[in-house]
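Novice: Numbering (my numbering), first residue to last: 133 to 271.
1. Which value, in whole angstroms, describes the spacing of the CA atoms of residue 246 and residue 156?
2. In the structure shown, what three-state DSSP assignment does residue 152 receive?
3. To the nearest angstrom, how far is it from the Cα of residue 145 to the Cα of residue 198?
4. Distance, Cα to Cα, residue 205 vs residue 148?
5. Measuring from the CB of residue 193, is there a heavy atom of the ligand ADP at a distance below 8 Å?
6. Since residue 140 and residue 151 are thought to touch, with beta carbons under 8 Å apart, how far apart are those beta carbons, to the nearest angstrom?
7. So, with DSSP's three-state summary, where would you put residue 219?
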């Protein structure tokens, strides 16, 4: 079982959040071109990110998407409408702190997803410290 994660990066520039993603368009549909490994279908990772259906010592706090999304991410979320669910976001700093504290410890080996977390950190690190990662899911 899996759940597709839709992932978008934003960085703070001159007091405004701007997309870190490259965007393409096909027949009027805009999409970002992140490496597939940044998304994926790990259900344990979904549980950690969304705070539901997962037996883990630590889960991200679920919070509404920020009001100041970059225009591209805002438009994509509006386009996905009810096809998307379990919206959330985390700063790169928060994710790094969880790894540093060794706080990401799934209770079942089969659901281990630290590789996915480290892929996010490695990828989004290239954009500096003021980065937030916006995400939602579809089935």
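A virtual CB, placed ideally from N, CA and C, is assigned to each residue, including glycine.
Specialist: Reading it off the structure:
1. Here residue 246 refers to the residue found at position 114 of the chain shown. Here residue 156 refers to the residue found at position 24 of the chain shown. Looking at the two C-alpha atoms, the distance is approximately 29 Å.
2. If you number the chain shown from 1, residue 152 lands on position 20. Coil, per DSSP.
3. To locate residue 145, count along the chain shown from 1; it is residue 13. To locate residue 198, count along the chain shown from 1; it is residue 66. In a straight line, the C-alpha of residue 145 is about 16 Å away from that of residue 198.
4. Position 73 of the chain shown, counted from the first residue, corresponds to residue 205. Position 16 of the chain shown, counted from the first residue, corresponds to residue 148. Distance between the alpha carbons of residue 205 and residue 148 is about 13 Å.
5. For the structure depicted, the ligand ADP is absent and the ligand set is empty, with no information on it obtainable.
6. Walking along the chain shown from the start, residue 140 turns up at place 8. Walking along the chain shown from the start, residue 151 turns up at place 19. Residue 140 to residue 151, Cβ: 7 Å. Contact.
7. Here the question's residue 219 lines up with position 87 in the chain shown. Here residue 219 sits in strand by DSSP.
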